[in-house]
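Sequence order for the protein chains is S and C. Last residue of the first sequence: number 148 in the numbering used here, and the count goes up by one each step with no gaps. Last residue of the second sequence: number 1148 in the numbering used here, and the count goes up by one each step with no gaps.
Protein chains: 2
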Amino acid sequence: MEKHSIGRYIASIYRYQSILINKQFEQYGIGCGQHTILINIALNPGINQKDLSERVKIDRANTHRAIKKLEALGYIHTDRDEDDKQIIRSCLTEKGEKLMPSIKSGLHDITEIMIKNFEDPEREEITNLLQKIEENVQKYVKSLRDDS
Amino acid sequence: MEKHSIGRYIASIYRYQSILINKQFEQYGIGCGQHTILINIALNPGINQKDLSERVKIDRANTHRAIKKLEALGYIHTDRDEDDKQIIRSCLTEKGEKLMPSIKSGLHDITEIMIKNFEDPEREEITNLLQKIEENVQKYVKSLRDDS
DNA sequence: CTAAATTAATTGCTATCGCAACTAATTATA
DNA sequence: TATAATTAGTTGCGATAGCAATTAATTTAG
């Protein structure tokens, strides 16, 4: 096994995954930049952009762009918070609700492609290990930002 | 454990990883788009763009752009093949050779950040599982392309 | 041996992404 | 209470990425 291969695998899997997501959701006008945002709005109705960014671990600017696009497509609607007018909350529209089953099943299919022929303990293990890696990297990047 | 989490972890780790790579190699003018290409030219002197693309699993257009940039930075030089003038072969320059140890150690550091606190069997396991995922996804995307 | 098909490299286009700078609203402080 | 600091959202910018179309060189077929 070559050294440094973990990062290489992550990058190459990410790129293939993006291709599959784009293909899967093309018919709905949704690309790999929007589907995670859409799902997280579905899971947390009324969430604001800052919290969404933290959940999805994506830059605020891109969260904003995804929301703009999803709104233009009619899958979500946004409202300013009455008490704090800085905050903009997003919820699914009816059209968005209707789309969710397709999104979920599409993502399920992609996951199945990725872990095809994995034994049950391996499916468990890969998720655990990836979670740990994410935690490590996130913590480290955060520490870099806190320094500056 | 949530469903669809594998893809989410891959994406978020990829983005953090890109941030770290960009920071690590900023001083050399090299970003996360070029370092893999550079390493693979070092490992396979005289490789052409098509083979590089297949190794790195990146689009030919981007391989081309990375080579252009690395050449402009003086880390590699390119030569047309004498027998087949379609083919352009890339090799490290002396400046490139001198840079390699820093690149390798930088990537080693990033890998260590990612798998901090991993036990030895886990380090083994994560690489195996990621390799299998990459194989699955690559095969699937390839099958899609062959259909059309 | 010429025309068609294939191959490798290249360019234009659009999407995604992080960062830095900015605006507007809110909160803290002097 | 008025000013400063913070917070949430927004915009511009440059880098990375895949796809499709183009060009130039080579190979295959008629």
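Beta carbons: idealized from backbone N, C-alpha and C, even for Gly.
Contact residues of the segment 1103-1131 of chain C toward chain S are Lys1104, Leu1107, His1108, Ile1110, Thr1111, Ile1113, Met1114, Ile1115, Lys1116, Asn1117, Phe1118, Glu1122, Arg1123, Glu1124, Glu1125, Ile1126, Thr1127, Asn1128, Leu1129, Leu1130 and Gln1131 (C-beta to C-beta distance below 9 angstroms).
The beta carbon of Arg1123/C sits closer than 6 angstroms to those of Ile1115, all from its chain and outside the five residues before and after it, given in chain order. For Lys85/S and Asn48/S, the gap between their C-alpha atoms comes out near 11 angstroms.
Taking one beta carbon from each stretch, the segment 1064-1080 of chain C and the segment 1089-1102 of chain C have 3 or more pairs nearer than 8 angstroms; the two touch. By the C-beta criterion, the segment 121-135 of chain S is judged to be in contact with the segment 1005-1021 of chain C, since at least 3 inter-stretch pairs fall below 8 angstroms. Contact with chain S is absent for Gln1024/C, since none of that chain's Cβ atoms lies less than 8 angstroms from the residue's Cβ. In the DSSP assignment, Thr78/S falls within the beta strand (DSSP E) that extends over Ile76 to Arg80.
Residues of the segment 7-22 of chain S with a C-beta less than 9 angstroms from any C-beta of chain C: Gly7, Arg8, Tyr9, Ile10, Ala11, Ser12, Ile13, Tyr14, Arg15, Tyr16, Gln17, Ser18, Ile19, Leu20 and Ile21, listed in chain order. The straight-line gap separating the alpha-carbon atoms of Ala66/S and Gly33/S is approximately 6 angstroms. Using a 10 angstroms sphere on the CB of Ala42/S, the tally of other CB atoms reaches 16 or more, which defines it as buried. Under the three-state reduction of DSSP, Ile47/S is assigned to strand. Asn136/S is classed as buried because its beta carbon has at least 16 other beta carbons within 10 Å across all chains shown. Burial is judged here by how many other beta carbons sit within 10 angstroms of a residue's own beta carbon; Glu1134/C has at least 16 and is buried. Check the Cα spacing between Ala72/S and each of Thr111/S, Glu54/S, Lys98/S and Ile30/S: the tightest is with Ile30/S.
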